[in-house]
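What follows is a single structure, written as structure tokens, with notes after it.
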Amino acid sequence: MWPVRRPSARPSQPAPHPAPATPTPPPFNAPAARRLRAALGMTPEHVAHDIRVSYGHPHITPGHVMAWERGAATPSGSELTALAGVLWCSPGELIDRPRTLREHRIARGFAPEDVARAVGHELHAYLRMEETDTWRGTDRQSAALAELLGLRLPDFVSVTGRDAKLGELLRNAVTTRWQAYVRPVAKVVPLDRPFLEGALQGLHQDYQGHMAATLSWGGGGSDAGDAARDFLDRIVEHFWARIQKSPAQGPGPTQARPL
């Protein structure tokens, strides 16, 4: 029999609410910050002073600015916005390639309220999506998000949480019959069918070439097998590389469109 847990004699206590997670700072472009400051003829002391006085960050010192420029520290989201204001640039100029919904928003200089209102979400619901990196929106809301943030198609797929599904479909396509996966991939990636057919066929041929190398010469070497595994591990990256090299059709590979 399964052991049965006896109820405690003490009244149950409500579980404590977990502390909200601290957002991960956006990927900071330290060389760009250093270059922009130098172009304005400013010293780290000038930058720190302006951030303290004009943007309400009294803790910022020249040491913070120098640490940011060396890549030894990363400014928080609000510090990044303040630094961009002092350096007369957009926050996007101080960010390496954004990866998440929050980073794309910061790069465009929008407040959460701006994005929530534009896509038709309640603010608390939108903030929850940023915290969990899980986009939940209709096709219309997704299209509005892509337009507002200027998302390229790879970023659109990533931000809306479709990378994992795309990777699974692509791995199945290159290891079996790619023709059977044109329609499923099209549901994830809004591109025209001929465009996708060419990309999937090319990926299938590339992977089969790696597999042929592992089977030649009595089974091939470990390098050939490693290359095939690496190809599958990076299948989404290879897919976007093929899309970028293909002639543009419809909306083109760089601009998201409604699904």
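Here the sequence shown stands for residues 0 to 258, where the numbers follow numbering that gives the first Met the number 0. Just so it is clear, CB atoms sit at the ideal spot from N, CA and C, and this is done for glycine as well. Predicted, not measured: the structure shown is a model, and the values here were computed from it.
- In the three-state reduction of the DSSP assignment, F27 falls in the strand class, which pools E and B.
- Apart from sequence neighbours up to five positions away, the residues of its chain that approach R161 with a beta-carbon distance below 6 Å are V187, ordered along the chain.
- Beta-bridge analysis with DSSP links I94 to F27.
- For E121, the secondary structure class from DSSP, reduced to helix, strand or coil, is coil.
- If the five residues before and after M210 are omitted, its C-beta is found closer than 8 Å to the C-beta atoms of A227, all from its own chain and listed in chain order.
- In this structure, the CA atom of I94 is about 5 Å from the CA atom of F27.
- In the three-state scheme derived from DSSP, where H, G and I count as helix and E and B as strand, R135 is classed as coil.
- By the Cβ criterion, the region 118 to 128 is not in contact with the region 79 to 97, since fewer than three pairs of Cβ atoms, one from each stretch, lie closer than 8 Å.
- In this structure A38 is exposed. Its beta-carbon is surrounded by fewer than 16 other beta-carbon atoms within 10 angstroms.
- DSSP, reduced to helix, strand and coil, places S75 outside both helices and strands of the structure shown, so it counts as coil.
- A Cβ-Cβ contact shorter than 7 Å links V235 with L165.
- In the three-state reduction of the DSSP assignment, D191 falls in the coil class.
- Remark: C-beta atoms of H63 and A81 do not approach each other more closely than 7 Å.
- Look at T99 here: in three-state DSSP terms it is coil, with no helix or strand label.
- In the DSSP assignment, L152 falls within the alpha helix (DSSP H) that extends over 152 to 158.
- With fewer than 16 neighbouring CB atoms inside 10 Å of its own CB, H58 falls in the exposed class.
- A185 sits close to L195, with the two beta carbons spaced by under 7 Å.
- CA-CA distance, P189 to A212, rounds to 33 Å.
- Between A71 and P97, the alpha-carbon positions lie close to 19 Å from each other.
- The C-alpha of W239 lies about 24 Å from the C-alpha of E129.
- With a beta-carbon spacing of about 5 Å, R170 and L231 fall inside the 8 Å limit used to define contacts.
- Per DSSP, G40 lies in no alpha helix (DSSP H) and is assigned neither H nor E.
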